[in-house]
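I have placed the structure first, in the form of structure tokens, so that the comments after it can refer back to it.
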Amino acid sequence: MQIKFFDLEKQNRAVKDDILTEMQDVIDSNHFILGPQVSNLEGKVANYCHTNHAVALSSGTDALLVALMALDLKPGDEVITTPFTFFATVGSIVRAGATPVFADIDPVTFNISPEEIARNITDKTKCIMPVHLYGQCADMDAINAIAKEHDLKVIEDAAQAIGAKYDGKPAGSMSDIGCFSFFPTKNLGGFGEGGMAVCDTDELHKKMVMLRNHGSARRYYHEFVGGNFRMHALQAASLRVKLKRLDKYICMRRANATIYNKMLGDVAEVTIPVECENQFHTYNQYVIKIEKRDELKDFLAENGVGSMIYYPVCLHEQSCFEYLGKKRGDFALAESVSNECLALPIYPELTDEEIEYVAEKIIEFCKEN
Ligand SMILES: *Cc1c(COP(=O)(O)O)cnc(C)c1O
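Written as structure tokens, this is what we have:
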């Protein structure tokens, strides 16, 4: 059997006609940047996330950047985040002119640990930026309690977690601003780059709408410096079609995870992901932990199964962040997970037989090693 780590072919085949119709409308409208299709998508995402506003942006990275820019951070201001995330989380903090401060992760969920956040607060801390890693929310009640106590802003990096819930509350809706990515591998993936920021206050909404358009509300008059962070109408067209199916995709991912959990739950060498009691995990990634991770990855490849490592290098160990003065050993839990984590194929269209094959190969590997 050949099982790719990720494959959009089946999903795209099923929606292609609908998307082509929507795209035809965009072409006929001659409105290629923002416009009615994009506003319509914003309304639908805000509704889906139970927020008052949504701002369509050029990527998930730009959503994080625009959200941070909207907070008016000054040089020296600190933003606390996790060292175990995609680069964009931390890159955006630096691009917004602030200083990232890392807090180690929770060993069970691999999300940022609230206790570690509390330990890293200084009088320069302005914001906490948790990441809802793999599609399961960080511990938002604890994080929001810390933010309230110290009068801090919170931005959710929900790039991997659209549709996830924490105590029934949608990812992205539990903080000042929630940020999503529509990169093709995310649960709601476009036909190219795209992102969205959601918020409740009119003030942040207005600011982000201006930021995506060079800090301007009225053409050629600029109140502050923003950028070109606008979404293409063709992206909105494809996302509008896929958003209707998002809950179904998530449901299929969860069903796939259940099969893995059943088959791998009792394998001593393997730690399966934990869905916490108050959470609804969307399994953008299904990530196991195993000591002989690199060997297992090779063994799976030899048997036709694709897998990925998210993430092989923690952010405090990246050469561009050397100036922060952190070194290997400073975030022991994040580092240990980065050595042992392996993401398995989990995309919605996988068949039960394919999932079972992957799990059987892992069981076989564990018996032989
Ligand atoms: C994908 C991702 C981003 C960036 O999104 P892009 O749309 O690729 O720019 C940011 N943070 C996390 C955690 C992500 O997984």
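Going left to right, the sequence shown walks through residues 585 to 953 as the numbering used here numbers them. Don't be surprised by glycine CBs; every beta carbon is placed ideally from N, CA and C. Treat the numbers as computed from the prediction; the structure is a model and nothing was measured.
{"Query": "Under three-state DSSP, which class holds Tyr895?", "Result": "coil"}
{"Query": "For a test of the three-state rule: what should DSSP assign to Asn887, helix, strand or coil?", "Result": "coil"}
{"Query": "From the DSSP output, in three-state form, read off Val622 for me.", "Result": "helix"}
{"Query": "Check the DSSP bridge columns for Tyr870 and list the partner residues they point to.", "Result": "Leu928"}
{"Query": "In the DSSP assignment, what residue or residues form a beta bridge with Asp741?", "Result": "Val715, Cys763"}
{"Query": "Which of the three DSSP states is assigned to His816 in this structure?", "Result": "strand"}
{"Query": "Would you mind sorting Arg597 into buried or exposed? The rule is 16 or more other CB atoms within 10 Å of its CB.", "Result": "exposed"}
{"Query": "For Leu618, collect the residues of the same chain with a Cβ closer than 8 Å to its Cβ; drop the 5 residues on either side in sequence, then sort them by chain order.", "Result": "Ala640, Arg814, Met815, Ala817"}
{"Query": "Can you tell which of Ser920, Leu908, Lys876 has the C-alpha that lies nearest to the C-alpha of Val897?", "Result": "Ser920"}
{"Query": "According to DSSP, which residues form a beta bridge with Arg802?", "Result": "Tyr805"}
{"Query": "Assess, as a yes-or-no matter, whether the region 706 to 723 is touched by the region 645 to 664 under the definition of 3 or more beta carbon pairs within less than 8 Å.", "Result": "yes"}
{"Query": "Use the C-beta contact count for Ala821: other C-beta atoms within 10 angstroms, 16 or more gives buried, fewer gives exposed.", "Result": "buried"}
{"Query": "Cα separation between Val851 and Glu952?", "Result": "13 Å"}
{"Query": "Run the proximity test for Gln744: is its beta-carbon closer than 8 Å to any non-hydrogen atom belonging to ligand 1?", "Result": "yes"}
{"Query": "Should Phe905 and Pro684 be called a contact, given that it needs their Cβ atoms to be closer than 9 Å?", "Result": "yes"}
{"Query": "Mind checking which residues open and close the beta strand (DSSP E) that includes Phe686?", "Result": "683 to 686"}
{"Query": "When you measure from the CB of Lys770 to every non-hydrogen atom of ligand 1, does any distance come out below 8 Å?", "Result": "yes"}
{"Query": "Residue range of the beta strand (DSSP E) that Ile995 falls in?", "Result": "Because residue 995 is not part of the residues shown, which for the chain are 585 to 953, the question remains open."}
{"Query": "Going by beta-carbon coordinates alone, are Asp646 and Gly799 separated by less than 9 Å?", "Result": "no"}
{"Query": "Could you check if Gln795 belongs to the surroundings of ligand 1, using beta carbon to heavy atom distance under 8 Å?", "Result": "Note that residue 795 is Leu in the sequence shown, not Gln. Not so, every heavy atom of ligand 1 lies at least 8 Å from the Cβ."}
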